[in-house]
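Here's the structure we're looking at; comments come further down.
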Amino acid sequence: MAIIKMKNNTSNAKDVTTAGKVITCKAAVAWGPGQPLVVEEILVDPPQKMEVRIKIHFTSVCHTDLGAWQGKNEAQRVYPRILGHEASGVVESVGEGVEDMKVGDHVVPIFNGECGDCVFCKSKSSNLCKKFRVDPLKSVMTNDGKTRFWTKQGEPIYHFLNTSTFSEYTVVDSACVVKIDPNAPLKTMTLLSCGVTTGLGAAWNTANVHAGSTVAVFGLGAVGLAAVEGARSRGASRIIGIDINSEKLARAETMGVTDIINPLELKKPVHEEIREISDGGVDFSFECAGNLDVLREAFLSTHEGWGLTVLLGIHTTPKTLPLHPMELFTGRRIIGSVFGDFKGKTQLPLFAKQCMHGAVKLDEFITHELPFSEINQAFQLLMDGKSLRCVLHL
Ligand code: APR
Ligand code: ZN
Ligand code: ZN
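Next comes the structure, spelled out in structure tokens:
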């Protein structure tokens, strides 16, 4: 693990005296697409009804933050904005009506909330929530359509993915916060906010990979490697890892991948190679690169009759599925997976406990650590394909 010069960042806010007050603290503000984030002082309102204000201790950078920052998806249309959706921290204060959390609780914010009351939350068949599902265009609180972040000049700063974790303090709906075991190490728990939960849950919950299954994972970043880990822990007999970055392939081999393919070094389409080495195709493929050509290769790599492709990557509009409808008559199927099909509030606490007890080697996903003030370097590391997750210390 690379630990690159740490220094202590202090906020002028003190937990004990801040409840009900506006907090002044540091946040990394995105002012425009691709512009370096500016770590500056902002004001954070107290939590309103059914909201929670969190002191963020650790946050990490996911490819979705990168896409939003680069302006590659819808999220770029609102500025200034506080990005970030992977984090862990401690409850600083709660708004009216919040009963399942209190000051001092250790928590993980989740972009895919669970209100517990809507038709989706009450259904066993979905982890999407009517009120707090993923919406890259949503930039204000559900309660009153306003922001809780302000510049020192009094201009609103917008929210991102129900979470906005690139800030020393953030305000989120209580449906988007999960209380975890106070003994869980906060540094690794940040990975449960998105990357690890998404990938591992896709293998466990969405695909339900079973012992002896054959699997192909396209894109071996943190999300893809978590899918690998999910497949490995279920006893998959063969896990083929595909990536165009040879360093990612080398790391994947140490994390459970049994065969590696670099499409850039292959003289034929990846799906042909996979079908050859897996007796007609794999049982499950996972698209974790956010690329339509890759999605098509993943689809064609599965076995006719029962192959299932799980889509995890983010694909920007106006793209459509790269398939002819008749191709589904081969018996191959395709499905999307959000937050690994985990219901956040009800299922993440147990998953966090399983991780604490070694179900997933979370440390392996943290390749870099930096002080929060060096967040732009964390973006660069992910962009350059150097990091899985860079955890920022606040
Ligand atoms: N073929 C194979 N692998 C590819 C290709 C390709 N054409 N293009 C990119 N990749 C690989 C990259 O080399 C990288 O290792 O996909 C991996 C993506 O990993 P990260 O950038 O670390 O992204 P991660 O945070 O894991 O997210 C993966 O899920 O959450 C979404 O938006 C996110 O689409 C992204 C995906
Ligand atoms: Zn709901
Ligand atoms: Zn993410």
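Just so we're aligned: 146 in the working numbering is position 157 of the sequence shown, and the numbers increase by one with no gaps anywhere. Glycine included, every Cβ here is placed at the ideal spot set by N, Cα and C.
#1: Please identify the residue among M90, S274, A278, A215 whose C-alpha is closest to the C-alpha of C344.
#2: Okay, do the stretch 44 to 51 and the stretch 170 to 184 touch, 3+ Cβ pairs below 8 Å being the bar?
#3: If you run the structure through DSSP and keep just helix, strand and coil, what is G56?
#4: Taking just the CA atoms, how far does F155 sit from D133?
#5: Hey, would you say the C-beta of C183 is under 6 Å away from at least one heavy atom of ligand 3?
#6: Could you check if M130 is buried or exposed, using at least 16 other CB atoms within 10 Å of its CB as the buried criterion?
#7: Could you give the distance in angstroms between the alpha-carbon of Q366 and the alpha-carbon of R378?
#8: Is it right to say E363 is buried, meaning 16 or more other beta carbons lie within 10 angstroms of its own, or is it exposed?
#9: Report the three-state DSSP secondary structure of G213 (helix, strand or coil).
#10: Does DSSP classify L126 as helix, strand or coil?
#11: Can you tell me the Cβ-Cβ gap for V161 and T152, rounded? I've got them flagged as a contact below 8 Å.
#12: Should A341 be counted as a contact of ligand 1 given a C-beta to heavy atom distance under 6 Å?
#13: Report yes if the C-beta of C110 is less than 6 Å from at least one heavy atom of ligand 2; otherwise report no.
#14: Is DSSP giving I12 helix, strand or coil here?
#15: Consult DSSP for H148 and reduce its assignment to one of helix, strand or coil.
#16: With respect to 6 Å, is the separation between the Cβ of C165 and the closest non-hydrogen atom of ligand 3 below this value?
#17: So, is F361 buried or exposed, given that buried needs 16 or more other C-beta atoms within 10 angstroms?
#18: DSSP three-state call for M(-10): helix, strand or coil?
#19: What does the Cβ neighbour count give for A239, buried or exposed, with the cut at 16 atoms within 10 Å?
#20: From F207 to T298, what does the alpha carbon distance come to, in whole angstroms?
#21: Give the straight-line distance between the Cα atoms of N194 and E40, rounded to the nearest whole angstrom.
#22: Would you call the stretch 300 to 312 and the stretch 53 to 69 in contact, with 3 or more CB pairs under 8 Å?
#23: Taking T356 as the reference, which of A220, G210, L289 has the closest Cα?
#24: Under DSSP, the beta strand (DSSP E) around T186 begins and ends at which residues?
#25: Is it the case that the CB of K119 approaches a heavy atom of ligand 2 more closely than 6 Å?
#26: Considering only heavy atoms of ligand 1, does any lie closer than 6 Å to the CB of V28?
#27: Helix, strand or coil for N365 per DSSP?
#28: Cβ of C14 versus every heavy atom of ligand 2: is any distance shorter than 6 Å?
#29: Compare the beta carbon distance of V96 and V166 with 7 Å and say whether it is the shorter of the two.
#30: I'd like the span of the beta strand (DSSP E) that includes F207, first residue to last.
#31: Cβ of V283 versus every heavy atom of ligand 1: is any distance shorter than 6 Å?
#32: Take G213 and list the residues in its own chain whose beta-carbon comes closer than 6 Å to its own, dropping the five residues that flank it on each side.
#33: Where do the N-terminal and C-terminal ends of the alpha helix (DSSP H) with E358 fall, by residue?
#34: Mapping the DSSP letters down to three states, classify V108 as helix, strand or coil.
#35: Could you give the distance in angstroms between the alpha-carbon of K342 and the alpha-carbon of H382?
According to the structure data:
#1: A215
#2: These segments touch.
#3: helix
#4: 22 Å
#5: yes
#6: buried
#7: CA-to-CA, the gap between Q366 and R378 works out to about 12 Å.
#8: buried
#9: Helix at G213.
#10: Coil, per DSSP.
#11: 6 Å
#12: Not under cutoff, so the answer is no.
#13: yes
#14: It is a strand residue.
#15: coil
#16: no
#17: Buried, because 16 or more other Cβ atoms sit within 10 Å of the Cβ of F361.
#18: Unreliable placement is indicated for M(-10), whose pLDDT of 46 sits below 50; the coordinate value is still reported in the next sentence. Looking at M(-10) - three-state DSSP - the assignment turns out to be coil, as it is neither helix nor strand.
#19: So A239 counts as exposed.
#20: 11 Å
#21: 29 Å
#22: yes
#23: G210
#24: Looking at the DSSP string, T186 is not in any beta strand (DSSP E); the run it does join, the alpha helix (DSSP H), is 184 to 190.
#25: yes
#26: no
#27: helix
#28: no
#29: Yes, the pair counts as a contact, with Cβ atoms nearer than the cut-off.
#30: Counted as a single uninterrupted DSSP element, the beta strand (DSSP E) harbouring F207 occupies residues 203 to 207.
#31: yes
#32: V206, C277
#33: From DSSP, E358 is part of no alpha helix (DSSP H) but of the beta strand (DSSP E) over 355 to 360.
#34: helix
#35: 22 Å
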